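Enquirer: Heads up: the sequence lines are chains A and B, in that order.
Mapping the first sequence onto UniProt numbering, position 22 (from 1) lands on 22, and the numbers just tick up by one.
Mapping the second sequence onto UniProt numbering, position 77 (from 1) lands on 77, and the numbers just tick up by one.
Protein chains: 2
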Amino acid sequence: MASLESLQQDLQKQNDLYNELRQKPDTEPAALEEVKKTLVELKKAVGQAQKASGDAGKEGKKKERMLLKTAKGTRDYGPAEMFCREHIERIVKNCFTTYGGACLDTPVFERKDVLTDKYGEDAKLIFDLMDQGGEQLALRYDHTVPLARYLAMTGGNNTQSKIWQVGKVYRRDNPVMSKGRMREFSQADFDISGTWDPMIPDAEIISLVCTILSKLDVGEFTIKMNNRKILDGIFAVCGVPPEKIRTISSAVDKLDKSPWAEVKKEMTEEKGLDSASADKIGEYVKLKGGPELLETLLKDSTLTSNASAKEGLGEMELLFKFLGAYGVLDKVLFDMSLARGLDYYTGIIYEAVVQESAPPAFNANAEAPSSSAPAPKKKSKKADEEEDEIDESKVGVGSIAAGGRYDGLVGSLIAASSGDPKKAAKAAIPCVGVSIGLDRIFALVWPKWQKQGKRVNETMVYVMAAGDGLLEERMKLVKELRDAGVKCDFLAKKKPKLTAQFAAGERDEVPFAVILGESEIREGYVMVKEQKWEMVNGEKVKLKSEGDEKGTKVNRVELVNWLKATSTWKEWEAFSQV
Amino acid sequence: MASLESLQQDLQKQNDLYNELRQKPDTEPAALEEVKKTLVELKKAVGQAQKASGDAGKEGKKKERMLLKTAKGTRDYGPAEMFCREHIERIVKNCFTTYGGACLDTPVFERKDVLTDKYGEDAKLIFDLMDQGGEQLALRYDHTVPLARYLAMTGGNNTQSKIWQVGKVYRRDNPVMSKGRMREFSQADFDISGTWDPMIPDAEIISLVCTILSKLDVGEFTIKMNNRKILDGIFAVCGVPPEKIRTISSAVDKLDKSPWAEVKKEMTEEKGLDSASADKIGEYVKLKGGPELLETLLKDSTLTSNASAKEGLGEMELLFKFLGAYGVLDKVLFDMSLARGLDYYTGIIYEAVVQESAPPAFNANAEAPSSSAPAPKKKSKKADEEEDEIDESKVGVGSIAAGGRYDGLVGSLIAASSGDPKKAAKAAIPCVGVSIGLDRIFALVWPKWQKQGKRVNETMVYVMAAGDGLLEERMKLVKELRDAGVKCDFLAKKKPKLTAQFAAGERDEVPFAVILGESEIREGYVMVKEQKWEMVNGEKVKLKSEGDEKGTKVNRVELVNWLKATSTWKEWEAFSQV
């Protein structure tokens, strides 16, 4: 039998391997399954060996080795990944400012009572901080509630604002790392607060989402839209008792993951709705379309007899008109099955999906019998046992952006703090906003991005010297270039070989090599060699320099201008400024 | 007697006022003191009223109002502040990439054992997460240990790297909000890992700090430098027993806040060092200077007889030579009293300070008797009682950047995880790095920044229309401009008055007003009015447009190019791209 120590080493290795594979979007599910199986076996073997050696009795505390890993559901993003993520974030932020947004930053944790009663069933997913004497704190679950808290605190000064926030939020959910479903994940939010003329801010947000997703390499996308007022009207005219509206709404929300038969079962068997009502709802929620669907619904006198539905339909009419002016009608789909989980929405709701968002094995439109529906199992009780990870091959990336109108949230916070619901109603600030799921977008973009090259930094020039190393001379030139805004680097060795310097520059795909020599320094010039790469059979390959192997002789005082005038420089500038 | 309810309202208001004033750097300490006094009185009054009304018996749980505030030691940064902070961050990140850095992102929380035994006495300041079944987690305390954990995990692939991280870190310390001392605060780190030729990475880091601080509006700065190897040598030749070296070193570290007499007292009375040894140390640690100090020390045969000191002095010699090549010798000060608190430093250490960093009432060079030294009181036990806040008027901003060489940290993590110290020693990755304190820099920059204007966003164009509102026409033009990369906005009203539209644009200091009318749309042009502001007596004032009050007639298809050709556009571009 293997020694405990060697088993523990094997376990650590297997654990590392599993984590590595799990984070790669291109890992075959079957291969991952194999690795996991070995991992579980090793864990058992270590447990048995510990028992045998008597370690388990003392809980092995003294000899226990630290596990070198990140916390469950979190991960590091290394330089190559961050190079891609920074690019995504730059595009998103640039769109936010192009739409007139101003930035807000709130703390990563909030007083617990601010978060309480905002997330319905999902409140159990909130990460609490330990009570170390003082306030009860919890990590933020989204950016919406902290924004509402900020608006409630600053009150009058910010009643009309366009605010964006980019940052991490936290949910103790079952992670699916390869699809960007994490316990720590990044959201980019844009919200418009204040009383404006109807549907103008709502249209701005939808247009913003279209702009952002068009600029990101996520493929074809659709923005599914619906309106809580219409949904509530449908539930009313279909005979859902008022107290069951929210719970029936959550059942409808599952239609993107489960077939109608299963949802109906939940409505009738679990939630006690009569079958006839459920069937009527079924007729409505299967409708999808554009402005023509709206026209059909406006002719439905049963529906328009309901005040809420009528108001909602009027809002959609106005919205479609505005989306026409923004030129984004082809990107939206009026989808009456969209319900959204969160309680606080009061009007329009939306969700952006791409082809690749859907779980691979499941077509949401098929009315498959419930037994064959491979919806991801949620085992939140056992969320922390590695063995109960959900099957990643059956889960899609999900929606990559989502949001809606929430006119009551700020008011409810003011009410909870002032104890005066009337005052709160007056001070209420209507809001509409969207959250962009940066990790899910990264999961879509990264596989394509990797094929474009291996850059991890923005270095444009690698300064080199032959012969004696000329260390201080290299330092001086590097400083000169950096002071002029040229991103550059050199090899931190006293007398490196020229080949080693070229290799270091090439590793980072640095486009220009600037070479110093004794005579160059004396005579005031440098040699510049542009390095080019090309895609060959999907692999980036360095091209041999054409013409003079030694490169171009450039006057040192002209070097910065020479570099900035090259097409490579300009292309890079355009890329890095989005 | 006032009702409980009205008292609670007063308390909330006073609390809001206190928080508001506390976050403003220009609040008079005396005024803040007054507000705080009233706050404490109100708290007492509410407590008494609760007792009287019988609420206190039931702990008032049901009727207790939510406090609308951020957690202690944290704060929101609103749009005006974020506009400044984003600018600071852009400069810092731009310098990082100019020096060849690649980005890393690690989770906000780590497995607790990764953070254990890294921070000496300050370990009590770590924020723990609640154990909700699963791992023991804690919020990161700095970026250095997560980086070391990342390097230990990725091992061979990243032995030689330049890595930067920008993000929030957490310490349960006593906050001094107005000076940027927070429980949640932002640090920007840059680290060079791997075995390189001596002192080259160290010089890169010092040069980087000089570049960053020169580009930020922090005023004159000095980088104080020392070397742990020299300090250890000094302690050895002064007769400090090896086991007391670290504790005597922490005493020396207090010399920037306390006079020598007090530090000596700590060494002798608290830490049991003999008086003669302390006096010898005192002679060394009062020395400050440039390369000439180094020369003096190199002639000190007592010191150079110590191997560690000799090695350290050799390193400083090389460092000074390199800093000469980087042209930053005038920014550095060899300060032998600099010791730095953290245990993990093994070589060069440094700390950047500005004039304004020092506590206003205290001159670190004066050898004042201990009774008059107004060092800030630390009452960490009571850190959560509002009343025990430390006196903000007596505290300086402190160092705005600090760091050093830590050659053993990555190896120690590998050792803890592998259980094999020999393997760990081989796998050790030497590192040198710096942390920039973004909140402290913000505290220095913000008062000056506020005088420059009130912009909160980057909007360049405000699209307006007279008469009938032309809502959809405004939307179309806005979309057109945004698609062309022009950051623009409009008033989200159907038929707003022209004056209201101008007021909205002016509130955000938007430089261009583009005005649509029926005839303009028909004939394919727009009217453009450039809005200008000027500083008058320290206040930004809008100038009346010279010449044609109606503005300039611009062909609509030429509009984007026309805007981009203006000097205002180009100035803004230069500003926003740093």
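Glycine included, C-beta positions come from ideal geometry on N, C-alpha and C.
As the structure is a computational prediction, the values presented were derived from the model and not from experiment.
Residues of chain A with a CB under 9 Å from the CB of residue 83 of chain B: which are they?
Expert: In chain order: 102, 103.
Enquirer: Report yes if the C-beta distance between residue 184 of chain B and residue 71 of chain A is below 8 Å; otherwise report no.
Expert: No, they are not a contact pair.
Enquirer: Please state whether DSSP places residue 288 of chain A in a helix, a strand or coil.
Expert: Strand at residue 288 of chain A.
Enquirer: Mind listing the chain A neighbours of residue 200 of chain B? Cutoff is C-beta to C-beta under 7 Å, in chain order.
Expert: Those within 7 Å of residue 200 of chain B in chain A are 492.
Enquirer: Which runs of the beta strand (DSSP E) spanning at least 3 residues fall entirely within the segment 489–519 of chain A, listed in chain order?
Expert: 512–516, all fully within the segment 489–519 of chain A.
Enquirer: Within 8 Å of any Cβ in chain B, is that where the Cβ of residue 472 of chain A sits?
Expert: So, interface residue.
Enquirer: Given a threshold of 16 other Cβ atoms within 10 Å of its Cβ, counted over all protein chains shown, does residue 165 of chain B qualify as buried or as exposed?
Expert: Buried, by the Cβ-count rule.
Enquirer: Check whether the Cβ atoms of residue 111 of chain B and residue 141 of chain B lie closer than 8 Å to each other.
Expert: Not in contact: residue 111 of chain B and residue 141 of chain B (Cβ atoms no closer than 8 Å).
Enquirer: Specify, as a first and last residue, the run of the alpha helix (DSSP H) that residue 333 of chain A falls within.
Expert: First-last for residue 333 of chain A: 332–335, but that is the beta strand (DSSP E), not the alpha helix (DSSP H).
Enquirer: Tell me, to the nearest whole angstrom, how far the beta carbon of residue 43 of chain B is from that of residue 11 of chain B; I am working on the premise that it is less than 8 Å.
Expert: Correct: roughly 6 Å between the Cβ atoms.
Enquirer: Measuring alpha carbon to alpha carbon, tell me which residue in B:411, B:576, B:334 is nearest residue 293 of chain B.
Expert: Considering only alpha carbons, the answer is B:334.
Enquirer: Considering only the beta carbon of each residue, do residue 444 of chain B and residue 188 of chain B sit closer than 8 Å?
Expert: Not in contact: residue 444 of chain B and residue 188 of chain B (Cβ atoms no closer than 8 Å).
Enquirer: Does any C-beta atom of chain B lie closer than 8 Å to the C-beta of residue 384 of chain A?
Expert: The pLDDT assigned to residue 384 of chain A is 43, lower than 50, so where the model puts this residue is not dependable, and the model offers no usable value.
Enquirer: Residues of chain A with a CB under 9 Å from the CB of residue 76 of chain B: which are they?
Expert: Correct list: 104, 105, 106, 107, 146, 149, 150, 153, 154.
Enquirer: DSSP has residue 109 of chain B in a bridge; who is on the other side?
Expert: Paired residues: B:139.
Enquirer: Just curious, the beta strand (DSSP E) that residue 160 of chain A is in, first and last residue?
Expert: No beta strand (DSSP E) holds residue 160 of chain A; DSSP gives it neither H nor E.
Enquirer: How about the segment 459–475 of chain A and the segment 506–513 of chain A: do they share at least three Cβ pairs that are nearer than 8 Å?
Expert: In short, these stretches touch, since the Cβ pair count reaches three.
Enquirer: Determine the extent of the alpha helix (DSSP H) in which residue 572 of chain B is found, giving its start and end residues.
Expert: First-last of the alpha helix (DSSP H) with residue 572 of chain B: 567–576.
Enquirer: So, at 7 Å on beta carbons, what are the nonlocal neighbours of residue 576 of chain A in its own chain, with the 5 sequence-adjacent residues on each side left out?
Expert: So the list reads 458, once near-sequence residues are dropped.
Enquirer: Excluding the 5 residues flanking residue 425 of chain B on each side, which residues of the same chain have their C-beta closer than 7 Å to its C-beta?
Expert: So the qualifying residues of the chain are 411.
Enquirer: In three-state DSSP terms, what is residue 435 of chain B?
Expert: The answer is strand: DSSP assigns residue 435 of chain B an E or B state.
Enquirer: In whole angstroms, what separates the C-alpha of residue 209 of chain B from that of residue 89 of chain B?
Expert: Roughly 14 Å separates the two Cα atoms.
Enquirer: Given this structure, state the Cα-to-Cα distance separating residue 565 of chain A from residue 434 of chain B, to the nearest angstrom.
Expert: The straight-line gap from Cα to Cα measures roughly 34 Å.
Enquirer: Between the alpha carbons of residue 126 of chain B and residue 109 of chain B, how many angstroms are there, rounded?
Expert: Their Cα atoms are separated by approximately 11 Å.
Enquirer: Would you kindly check if the distance between the Cβ of residue 227 of chain A and the Cβ of residue 120 of chain A is under 8 Å?
Expert: In this structure, residue 227 of chain A does not lie closer than 8 Å to residue 120 of chain A by Cβ.
Enquirer: In whole angstroms, what separates the C-alpha of residue 319 of chain B from that of residue 304 of chain B?
Expert: Going from the Cα of residue 319 of chain B to the Cα of residue 304 of chain B covers about 18 Å.
Enquirer: Tell me which residue opens and which closes the beta strand (DSSP E) that residue 462 of chain B is part of.
Expert: First-last of the beta strand (DSSP E) with residue 462 of chain B: 461–465.
Enquirer: Shortest alpha-carbon distance to residue 346 of chain A belongs to which of A:306, A:403, A:322, A:337?
Expert: The residue with the shortest Cα to Cα distance from residue 346 of chain A is A:403.
Enquirer: What's the call for residue 363 of chain A, buried or exposed, on a 16-neighbour Cβ count within 10 Å?
Expert: Bear in mind that the predicted position of residue 363 of chain A carries a pLDDT of just 38, short of 50, making it too unreliable to give a figure here.
Enquirer: To the nearest angstrom, report how far apart residue 288 of chain B and residue 452 of chain A are at their CA atoms.
Expert: Distance between the alpha carbons of residue 288 of chain B and residue 452 of chain A is about 52 Å.
Enquirer: Against chain A, does residue 575 of chain B count as a neighbour if the rule is that its beta carbon must be under 8 Å from one of theirs?
Expert: No, no contact with chain A.
Enquirer: Between the segment 118–144 of chain A and chain B, which residues of the former have CB atoms less than 7 Å from a CB of the latter, in chain order?
Expert: Those residues of the segment 118–144 of chain A that come within reach of chain B (Cβ to Cβ, closer than 7 Å) are 127, 128, 129, 130, 132, 133, 134, 135, 137.
Enquirer: Please list the terminal residues of the continuous alpha helix (DSSP H) segment that includes residue 250 of chain B.
Expert: From DSSP, the alpha helix (DSSP H) with residue 250 of chain B extends over 245–253.
Enquirer: Report back the beta-carbon spacing between residue 221 of chain B and residue 352 of chain B to the nearest angstrom; my notes put them in contact at under 8 Å.
Expert: Yes, residue 221 of chain B and residue 352 of chain B are in contact; Cβ-Cβ is about 5 Å, under 8 Å.
Enquirer: Under three-state DSSP, which class holds residue 199 of chain B?
Expert: Residue 199 of chain B falls in the coil class under three-state DSSP.
Enquirer: Flag this pair as yes or no: are the beta carbons of residue 96 of chain B and residue 203 of chain B separated by less than 8 Å?
Expert: No, the pair does not count as a contact, with Cβ atoms beyond the cut-off.
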